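Undergrad: In this note's numbering, the protein residues as written are 3 to 365. Please read through the structure below; I'll follow up with questions.
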């Protein structure tokens with residue numbers, strides 16, 4: 003079993019600078035979990051602490067029910083794949099994949115069986131005689147993953163393994179990693195700063211910010227019910243639109259919000275969570291905004307930029323009193339807007355979010 007349990011994990015470097023602040027997290031056996039967040043948020047440091055490459059200042063790490071704080075990295079039953087392929091250039095693909103098994107003293111027959119099996123899973127059997135210099139970036143990354151597979155670890159750790167690949171290869175390798183997880187059923191922890199990778203790969207996503215966990219959940223949970231402004235703004239492309247608003251009144255759990263241009267929006271919110279005269283943020287995603295006639299809970303705006311994406315257009319509009327543009331996703335077809343057009347935005351209340359002055363979601 004390869005459950006991982008982190009209890010109040012803290013990391014201080016020698017200069018006293020704290021980079022991980024009391025992380026609590028449970029990862030189930032066989033689960034694919036993605037750590038995501040901006041650069042410097044502590045996600046790779048935490049991964050290296052799980053691997054044993056960084057010491058844990060305080061807290062407890064358990065792997066498979068056993069305390070692992072003081073267990074040597076080689077004895078933790080983990081295999082790590084780095085952003086750098088780190089292949090031995092003078093060795094063939096077969097030799098690269100077999101190297102750790104040779105060091106472990108396995109017999110030639112067992113080594114060959116393990117390498118052949120891993121190569122078949124990764125569809126690189128035809129590459130076993132080649133040297134790394136003769137491989138593409140995607141092929142080299144498969145070899146690096148194969149080198150981890152042959153060890154039959156309890157847990158795979160991936161530290162931004164696709165960062166060096168071009169956009170097309172990244173998509174292909176994401177599919178390969180998902181297929182690999184389905185086939186092996188092994189616990190996997192994947193670190194990335196790319197929210198698209200996080201949304202497409204993870205069964206659960208852990209959003210980091212400043213060495214703390216902001217929210218944990220499935221991709222759908224985080225996308226549809228962000229716990230705070232950071233998660234709302236980080237996940238999604240384009241990010242969630244956030245409109246400054248002021249609460250004018252709250253009656254029978256129905257809040258009347260005034261936006262910066264004077265528009266009025268009525269939203270049901272828990273009475274205890276929001277008070278009149280409070281300053282809040284109204285959040286709504288681009289695909290949930292409709293362009294249509296004026297009416298209740300609508301906003302007037304002027305089209306600033308239109309981006310054609312093939313299957314749809316992203317229309318960026320400007321609202322009076324608001325510095326940031328509002329993104330609207332529009333289907334391609336007749337009646338397409340162009341820069342300078344006046345339009346009315348409909349804000350369906352079932353898709354609106356409200357965040358209080360502390361950035362916490364109240365709806």
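Cβ atoms here follow ideal geometry from the backbone N, Cα and C, with glycine treated the same way. Fair warning: this is a prediction, and the values are worked out from it, not measured in the lab.
Please say whether residue 147 and residue 164 have beta carbons closer to each other than 8 Å?
TA: No, the Cβ-Cβ distance between residue 164 and residue 147 is not below 8 Å.
Undergrad: For the putative contact between residue 319 and residue 311, defined by C-beta atoms under 8 Å, what is the C-beta separation to the nearest angstrom?
TA: Not really, about 16 Å apart at Cβ, beyond 8 Å.
Undergrad: Tell me whether the region 127-144 and the region 77-89 touch, counting them as touching only if at least three CB pairs, one residue from each stretch, are closer than 8 Å.
TA: These segments touch.
Undergrad: Taking a contact to mean a Cβ-Cβ separation below 8 Å, would you say residue 359 touches residue 280 in this structure?
TA: Taking 8 Å as the Cβ cut-off, residue 359 and residue 280 qualify as a contacting pair.
Undergrad: Could I get the ranges of all uninterrupted beta strand (DSSP E) runs contained in the region 32-118, with 3 residues as the minimum, in chain order?
TA: With a minimum length of 3 residues, the continuous beta strand (DSSP E) runs that stay inside the region 32-118 are 34-38, 60-65, 80-83.
Undergrad: In terms of alpha-carbon separation, which member of 133, 131, 190 lies closest to residue 151?
TA: Cα-wise, what sits closest to residue 151 is 190.
Undergrad: Classify residue 221 as helix, strand or coil using the three-state DSSP reduction.
TA: In this structure, residue 221 counts as helix in the three-state DSSP scheme.
Undergrad: If we require 4 or more residues per run, which alpha helix (DSSP H) segments fall completely within the region 129-161?
TA: Counting whole runs of 4 or more residues, the region 129-161 contains the alpha helix (DSSP H) stretches 139-151.
Undergrad: Grouping DSSP H, G and I as helix and E and B as strand, with all else coil, what is residue 320?
TA: It is a strand residue.
Undergrad: Per DSSP, which residues does residue 348 bridge with? Please list them.
TA: Paired residues: 292, 300.
Undergrad: Which same chain residues, not among the five before or five after residue 106, have their C-beta less than 6 Å away from its C-beta?
TA: Hits under 6 Å: none found.
Undergrad: What do you get for residue 160, buried or exposed, if any count of 16 or more other CB atoms within 10 angstroms of its CB means buried?
TA: Answer is buried; the Cβ neighbour count reaches 16.
Undergrad: Assess contact between the region 230-237 and the region 265-273, defined as three or more Cβ pairs (one per stretch) separated by less than 8 Å. Is contact present?
TA: With the cut-off at 8 Å, the region 230-237 and the region 265-273 do not touch.
Undergrad: Could you give the first and the last residue of the continuous alpha helix (DSSP H) run that contains residue 251?
TA: Premise fails: residue 251 lies in the beta strand (DSSP E), 243-253, not in any alpha helix (DSSP H).
Undergrad: In the DSSP assignment, find the beta strand (DSSP E) that holds residue 198 and state where it starts and stops.
TA: Run containing residue 198: none in the beta strand (DSSP E); it sits in the alpha helix (DSSP H), 197-203.
Undergrad: Could you give the first and the last residue of the continuous beta strand (DSSP E) run that contains residue 334?
TA: Neither: residue 334 is in no beta strand (DSSP E) and is coded neither H nor E.
Undergrad: So what's residue 122 in DSSP terms, helix, strand or just coil?
TA: Note: residue 122 maps to helix in three-state DSSP.
Undergrad: Considering just the uninterrupted stretch of the alpha helix (DSSP H) at residue 341, what are its terminal residues?
TA: That residue, residue 341, is in no alpha helix (DSSP H); it is neither H nor E in DSSP.
Undergrad: What does the alpha-carbon distance come out to for the pair residue 77 and residue 134?
TA: In a straight line, the C-alpha of residue 77 is about 28 Å away from that of residue 134.
Undergrad: Three or more C-beta pairs under 8 Å: does that hold for the region 286-294 against the region 335-350?
TA: Yes, the region 286-294 is in contact with the region 335-350.
Undergrad: Helix, strand or coil for residue 257 per DSSP?
TA: Three-state result, residue 257: strand.
Undergrad: Kindly indicate if chain E contains any beta-carbon less than 8 Å away from that of residue 271.
TA: Of the protein chains in this structure there is only one, and it is not chain E.
Undergrad: Whole angstroms are fine: how far does the CA of residue 12 sit from the CA of residue 55?
TA: Distance between the alpha carbons of residue 55 and residue 12 is about 15 Å.
Undergrad: Taking DSSP's pairing of strands, which residues face residue 230 in a bridge?
TA: 362, per the DSSP bridge assignment.
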